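Undergrad:
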Amino acid sequence: MVGAYNNGNNPSMEDRRLWKHVHDNVHGNIYLDPLSLKFIDTEQFQRLRDLKQLGLSHMVYPGAVHSRFEHSVGVYWLAGNAIEKLKAHQGLELDIDQADIQTVKLAGLLHDVGHGPFSHLFEREFLPAVIPGSKWSHEDMSLKMIDYMVDEHNIDIDSGCLKKVKEMIIASSHTAPVKTSKEKLFLYDIVANGRNGIDVDKFDYIVRDSRACGLGCNFQFERLLDTMQVIDNEICYRAKEYLTVHKLFYTRADLHRTVYTHAKVKAIELMFVDALVKADKYLHFSSFIHDPSQYWKLDDSILKTIETDDADELKESRDIIRRIRRRDLYQFCNEFTVPKDKLDHFKRVTAQDIICSQKSGAASLREEDIAVSNVKIDLTKGRNNPLESIKFFEDYDSKEKFPISKDQISHLLPAYNQDLIVRVYSKKPDLVDVVSEAFENFQMKTYGMKAQRVEYGDESSSPLPTWLNTLPRHTPSSDDPLESRRGILLAESWIEHSQDANIGKDQNEDVYWNLIMEDFNSRTESEPRTKDMMTGKWTRMYGDCQRFNAIYKHLTHKSEESDVDLVENAKTKRAKKKQKSVETTSVGGSTGGSTGGSQSESVSSLVSQDYRRKCDVAEEAYKAKKEKELGMLQCRELEFLMIDPSSLLLAKRAIIEMKQAEIMRKYPNAAP
1 MVGAYNNGNN
11 PSMEDRRLWK
21 HVHDNVHGNI
31 YLDPLSLKFI
41 DTEQFQRLRD
51 LKQLGLSHMV
61 YPGAVHSRFE
71 HSVGVYWLAG
81 NAIEKLKAHQ
91 GLELDIDQAD
101 IQTVKLAGLL
111 HDVGHGPFSH
121 LFEREFLPAV
131 IPGSKWSHED
141 MSLKMIDYMV
151 DEHNIDIDSG
161 CLKKVKEMII
171 ASSHTAPVKT
181 SKEKLFLYDI
191 VANGRNGIDV
201 DKFDYIVRDS
211 RACGLGCNFQ
221 FERLLDTMQV
231 IDNEICYRAK
241 EYLTVHKLFY
251 TRADLHRTVY
261 THAKVKAIEL
271 MFVDALVKAD
281 KYLHFSSFIH
291 DPSQYWKLDD
301 SILKTIETDD
311 ADELKESRDI
321 IRRIRRRDLY
331 QFCNEFTVPK
341 DKLDHFKRVT
351 AQDIICSQKS
361 GAASLREEDI
371 AVSNVKIDLT
381 KGRNNPLESI
391 KFFEDYDSKE
401 KFPISKDQIS
411 HLLPAYNQDL
421 IVRVYSKKPD
431 LVDVVSEAFE
441 NFQMKTYGMK
451 AQRVEYGDES
461 SSPLPTWLNT
471 LPRHTPSSDD
481 PLESRRGILL
491 AESWIEHSQD
501 ANIGKDQNED
511 VYWNLIMEDF
521 NSRTESEPRT
531 KDMMTGKWTR
541 MYGDCQRFNA
551 IYKHLTHKSE
561 ESDVDLVENA
571 KTKRAKKKQK
581 SVETTSVGGS
591 TGGSTGGSQS
601 ESVSSLVSQD
611 YRRKCDVAEE
621 AYKAKKEKEL
631 GMLQCRELEF
641 LMIDPSSLLL
651 AKRAIIEMKQ
661 AEIMRKYPNA
671 AP
């Protein structure tokens with residue numbers, strides 16, 4: 001729930017009968033004012049119930065079935081809260097009146113009323129395919145739809161208010177018109193912030209999408225709402241909240257990487273775009289995009305319409321949708337992260353580019369055999385860091401605004417703020433190898449390097465991080481115990497720094513916490529792990545078994561070893577240690593070893609196989625570190641110097657770069 005109720009965003013006793021309230025699973029009770037209800041109770045706004053917020057992502061993340069309707073109501077509520085807080089703290093100074101409050105709330109409510117079906121797929125993938133060069137945007141359609149709703153339903157609204165609502169909705173667009181008034185410009189930054197990207201639209205969808213997908217989210221938008229202040233017509237934030245602002249952008253980037261552009265999600269989207277393009281020749285729904293009276297009839301039910309229509313003209317589209325239903329998806333071949341020095345000259349890769357890179361003598365490929373996805377992930381400001389465009393203030397009595405100095409945020413600033421990833425899929429399973437080879441040839445021809453083969457396991461798990469593509473695959477050396485464990489060290493380091501911040505945060509109350517620690521201490525031959533030591537490293541290892549398995553196998557070149565084999569090997573190791581302990585105890589005439597073994601077995605029976613296997617890996621890594629003298633450079637710190645930060649995920653890069661800088665300052669003679 002955001003803040004306390006107040007008079008502007010909640011009904012007074014006198015007009016309570018004219019308001020309605022709904023209970024939202026993110027914000028709690030939301031109160032809807034009478035004018036907003038006139039827009040909500042229309043066919044055009046109710047259409048948003050039939051537009052899934054995340055398009056086809058629910059086919060990978062089953063919980064992602066929330067709609068644009070609840071998101072729009074959530075943004076309405078947060079917009080009202082934001083302006084009410086400004087009025088409470090600076091009302092007289094800013095001259096915020098009831099008309100301003102109503103305008104901002106309506107902008108939040110109606111900002112997505114012109115959105116197309118299946119999230120952004122409709123305007124970014126489908127329309128360019130059927131209307132080359134299309135510049136259509138859902139923001140522009142929202143403005144047309146609002147006018148249509150007002151006329152169609154005779155909504156009594158002041159023309160000046162209506163104009164400002166539309167200006168606020170399109171404020172972040174590069175085609176945004178000049179503002180009607182230069183006064184109160186801060187109002188235009190609440191719903192769609194074109195100045196620095198901090199707005200209540202992001203606040204709502206980041207929290208709502210994370211919750212629906214079952215992902216952790218430790219971004220607290222309430223802190224920004226509570227600490228913002230207007231200085232010189234610009235919304236600024238208290239300096240001590242710069243980490244919260246940073247977390248906003250990096251959480252958004254992580255959602256883009258792990259959900260919105262998930263490799264399986266993109267495969268399904270590419271298939272559905274093909275189905276839509278073929279169906280459009282018969283259904284002509286691309287012709288609706290300029291007429292609000294027709295456009296509002298388009299929603300996600302298009303899929304079911306195509307699927308159930310028996311027309312011969314839709315057979316190809318039906319076949320593609322049937323493949324989606326039966327999980328016969330386009331096959332992922334590989335992906336390549338564009339080198340940072342090539343970003344300025346990057347051109348979208350097409351199927352034709354891959355075909356032209358095919359070697360002679362191979363099976364002939366056609367454009368209809370290949371699907372290409374060009375994925376761009378940034379922090380909302382392209383290759384610029386958004387923190388540089390945000391103004392802060394020292395305390396609430398201050399009237400001076402300033403940007404955070406680079407020295408203060410240097411550890412948060414990655415070398416690059418944008419990733420471009422090219423993914424290639426084969427539409428036919430029997431052509432995967434041929435397409436993959438052609439894609440590798442394209443990479444070598446264009447960039448002089450190629451990516452390591454990336455395999456995706458469980459559909460709901462995230463892909464391997466891009467930095468794995470830049471690392472050579474090592475074959476363990478029997479002569480060098482440290483080299484033989486290098487893969488484990490890297491996997492261990494990745495696990496520690498890539499898990500969600502919520503994992504293990506309630507360790508004092510976590511029943512598995514003590515089980516893992518007890519199990520580890522009962523079996524290890526190294527020094528016992530204390531709670532503090534485990535807080536820093538070992539507990540993070542139970543974060544995500546599927547990811548750990550994939551990386552462990554990838555880096556140690558053990559793809560032939562199954563999960564069952566890994567578990568059985570771990571059991572064998574424990575049995576040998578246990579037998580050795582019993583033999584030692586028998587020779588010494590002590591019975592303590594037997595008791596300890598029984599206790600270990602009791603604990604092990606409670607801890608899952610995955611947990612125990614990870615403890616074994618941790619133990620092996622720890623022993624390997626102790627076997628090699630590394631001079632002044634500590635074993636723990638070696639891991640960080642092994643990692644190439646230039647191609648890490650945006651949200652993890654700053655952490656690694658900061659730590660590596662600390663190590664190099666501490667040990668000037670050390671070399672990674």
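Numbering (UniProt numbering), first residue to last: 1 to 672.
Cβ coordinates follow ideal geometry from the N, Cα and C atoms, glycine included.
Keep in mind the model is a prediction, meaning the values are calculated, not measured.
Who are the Cβ neighbours of Q220 in its own chain at under 6 Å, not counting the five residues just before and after it?
TA: Excluding sequence neighbours, Q220 sits near nothing in its chain.
Undergrad: So the candidates are D24, G28, H27 and S36; which of them puts its Cα closest to the Cα of L18?
TA: Comparing Cα positions, the closest option is S36.
Undergrad: Let me confirm a value: P34 is counted as buried when at least 16 other C-beta atoms fall within 10 Å, else exposed. Which label applies?
TA: Per the 10 Å Cβ criterion, exposed.
Undergrad: In chain order, what residues of the same chain have a beta carbon less than 7 Å from the beta carbon of D24, not counting five sequence neighbours either side?
TA: I30, E70, V73 and G74, listed in sequence order.
Undergrad: When we look at the beta-carbon of Y396 and count the other beta-carbons within 10 Å, is it buried (16 or more) or exposed?
TA: Per the 10 Å Cβ criterion, exposed.
Undergrad: Can you list, in chain order, the residues of its chain with a C-beta nearer than 7 Å to that of K20? Leave out the 5 residues immediately preceding and following it.
TA: L32 and L37.
Undergrad: Please state if the CB of F336 and the CB of V422 are separated by a distance shorter than 7 Å.
TA: Going by C-beta atoms, V422 is nearer than 7 Å to F336.
Undergrad: Can you give me the C-alpha to C-alpha distance between A253 and D50, rounded to a whole angstrom?
TA: Distance between the alpha carbons of A253 and D50 is about 26 Å.
Undergrad: When DSSP builds the beta bridges, which residues end up paired with T337?
TA: According to DSSP, which records beta bridges pairwise, T337 is partnered with I421.
Undergrad: Taking three-plus beta-carbon pairs below 8 Å as touching, is the segment 356 to 372 in contact with the segment 431 to 446?
TA: Counting Cβ pairs under 8 Å, three or more are found: they touch.
Undergrad: Reducing DSSP to helix, strand and coil, say where H262 ends up.
TA: Reduced to three states, the DSSP call for H262 is coil.
Undergrad: At the level of alpha carbons, what is the spacing between S137 and E123?
TA: Using only the alpha carbons, I get a separation of about 7 Å.
Undergrad: Below 8 Å on the Cβ atoms is my contact criterion, and I expect I377 with H256 to pass it. Report the Cβ-Cβ distance as a whole number of Å.
TA: That pair is a contact at about 5 Å.
Undergrad: Who are the near neighbours of K428 in its chain, counting only those whose CB is closer than 7 Å to its CB and skipping five residues on each side?
TA: Here the set comprises D369.
Undergrad: Is A212 closer than 7 Å to G63 when the C-beta atoms are compared?
TA: Yes, the pair counts as a contact, with Cβ atoms nearer than the cut-off.
Undergrad: Leaving out five residues on either side along the sequence, give the residues of the same chain with a beta carbon under 8 Å from the beta carbon of D103.
TA: Per the sequence presented here, residue 103 reads as Thr, with Asp not at that position. Excluding sequence neighbours, T103 sits near C161, K164, V165, M168 and L187.
Undergrad: Thinking C-beta only, is F249 closer than 7 Å to P403?
TA: No, Cβ-Cβ distance for P403 and F249 is not below 7 Å.
Undergrad: In this structure, does DSSP put Q229 in helix, strand or coil?
TA: In the structure shown, Q229 sits in a strand (DSSP, three-state: E or B).
Undergrad: Could you check what DSSP says for Q98 in three-state terms: helix, strand or coil?
TA: Of the three classes helix, strand and coil, the one that applies to Q98 here is helix, per DSSP.
Undergrad: Spatial neighbours of H58 within its chain, please: C-beta separation below 8 Å, excluding the five flanking residues on both sides.
TA: Here the set comprises K52, A64 and V65.
Undergrad: Taking 8 Å as the threshold, find out whether the segment 105 to 122 comes into contact with the segment 226 to 242 through three or more Cβ pairs.
TA: No, the segment 105 to 122 is not in contact with the segment 226 to 242.
Undergrad: Give the DSSP bridge partners of R238, in chain order.
TA: In DSSP, R238 forms a bridge with F393.
Undergrad: Are there three or more Cβ pairs, one per stretch, closer than 8 Å when the segment 278 to 285 is compared with the segment 300 to 320?
TA: Yes, the segment 278 to 285 touches the segment 300 to 320.
Undergrad: Assign M517 to one of two classes, buried (16 or more other C-beta atoms within 10 Å of its C-beta) or exposed (fewer than that).
TA: Confidence at M517 is low in this model, with a pLDDT of 47, below 50, so the placement of that residue is unreliable and no value is reported for it.
Undergrad: In the DSSP output, which residue or residues are listed as bridge partners for Q294?
TA: DSSP output for Q294 lists no bridge partner at all.
Undergrad: What does DSSP give as the partner residues of D24 in its beta bridges?
TA: For D24, which the question treats as bridged, DSSP gives the partners G28.
Undergrad: Taking all protein chains shown into account, decide if S426 is buried (16 or more other Cβ within 10 angstroms of its Cβ) or exposed.
TA: Counting Cβ neighbours within 10 Å, S426 comes out buried, since at least 16 surround it.
Undergrad: In angstroms, rounded to a whole number, what distance separates the CA positions of K144 and R68?
TA: Whole-angstrom Cα-Cα distance: 18 Å.
Undergrad: Looking at the unbroken alpha helix (DSSP H) that takes in D147, where does it start and where does it end?
TA: H138 to E152 is the extent of the alpha helix (DSSP H) around D147.
Undergrad: How many Å lie between K240 and E394 at the Cα?
TA: Taking the straight line joining both Cα atoms gives about 8 Å.
Undergrad: Out of D95, H89 and A171, state which residue places its alpha-carbon closest to the alpha-carbon of G108.
TA: Residue A171 is the option with its Cα nearest to G108.
Undergrad: Under a Cβ-count criterion, where at least 16 other Cβ atoms within 10 Å of its own Cβ denotes burial, should D274 be classed as buried or exposed?
TA: By the 10 Å Cβ count, D274 comes out buried.
Undergrad: Any idea what DSSP makes of Q358, helix, strand or coil?
TA: Of the three classes helix, strand and coil, the one that applies to Q358 here is coil, per DSSP.
Undergrad: Starting from V130, follow its DSSP beta bridges and name the residues at the other end.
TA: DSSP output for V130 lists no bridge partner at all.
Undergrad: Quick check: the Cα distance between I83 and I155, rounded to an integer number of angstroms?
TA: Rounded to whole angstroms, I83 to I155 spans 24 Å at the Cα level.
Undergrad: Quick one: measure Cβ to Cβ for L110 and I146, integer angstroms, because I've assumed they're closer than 8 Å.
TA: Contact flag correct, Cβ pair sits at about 6 Å.
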